[in-house]
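Worksheet: the structure to be examined is printed underneath.
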Amino acid sequence: DAGVTQSPTHLIKTRGQHVTLRCSPISGHKSVSWYQQVLGQGPQFIFQYYEKEERGRGNFPDRFSARQFPNYSSELNVNALLLGDSALYLCASSQRGLLNYGYTFGSGTRLTVV
Amino acid sequence: AQKVTQAQTEISVVEKEDVTLDCVYETRDTTYYLFWYKQPPSGELVFLIRRNSFDEQNEISGRYSWNFQKSTSSFNFTITASQVVDSAVYFCALSEGAGGGNKLTFGTGTQLKVEL
């Protein structure tokens, strides 16, 4: 079975641009979460979606948005990119919305803003 | 608010040495889950263990063992007879609430380097 897949794996953008990151969960998983990991830090929670509804949001500005599609895949959008948005963006999926069911992480998208 | 502290930024050991990675957490909730993840250079977070707040039994899995002590709010991770393949960044994480909540709060990680 395929794990959590994220695309693209690497991306370079210019300040002020917009970016869309994509995530496909493990088959049968209905929840997708997004995390931002700045170099040298632990991942920070951005969003969680379960059954296509937002179930949680971290302390990130409105420039960050996401959605989940009927096939449970997800997109993370970031507008008006800043240099500080350079990070590894990790997607995680789980069968349900709660963590006692466990999380599986993808390998991430490394975003560089120049 | 929940918080996880990993005071050790980097640890270097020689292969076959035992090494313990420290994790201290803060939470006001009585129901919570603690996790350890391994992050190799490829970037993917690899799940190692999940423990709920009502289960204080220590656990051993091969060369890995975990010591959960609610009295000191610690969930330490020991690797016995370390190997070069153990070199990675290790993260401790916490989630709150019945059912585990819906978000993980991570520590800043400990970089483990195992040398020959």
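Chains as they are written, first to last, in my numbering: chain A, 390 to 503; chain B, 265 to 380.
For every residue, glycine included, the Cβ atom is placed at its ideal position computed from N, Cα and C.
In this structure residue 372 of chain B touches residue 270 of chain B by the C-beta definition: roughly 6 angstroms separates them, less than 8 angstroms. No Cβ-Cβ contact shorter than 9 angstroms links residue 307 of chain B with residue 396 of chain A. The straight-line gap separating the alpha-carbon atoms of residue 317 of chain B and residue 361 of chain B is approximately 10 angstroms.
Going by C-alpha positions, residue 419 of chain A is about 8 angstroms away from residue 441 of chain A. Taking 7 angstroms as the Cβ-Cβ cut-off, the region 347-376 of chain B approaches chain A at 355, 359, 363, 364, 365, 366, 367, 368, 370, 371, 372 and 373, given in chain order. Setting aside the 5 residues that flank it on each side, residue 368 of chain B is surrounded in the same chain by 299, 357, 358 and 359, each with a C-beta closer than 8 angstroms to its C-beta; the list follows chain order. Neighbours of residue 309 of chain B in chain A, taken as residues at a C-beta separation under 7 angstroms, are given in chain order as 479 and 494. Restricting attention to A/445, A/472, A/471 and A/478, the CA atom closest to the CA of residue 432 of chain A is found in A/478.
Residue state for residue 368 of chain B is assigned as coil, using DSSP reduced to three classes.
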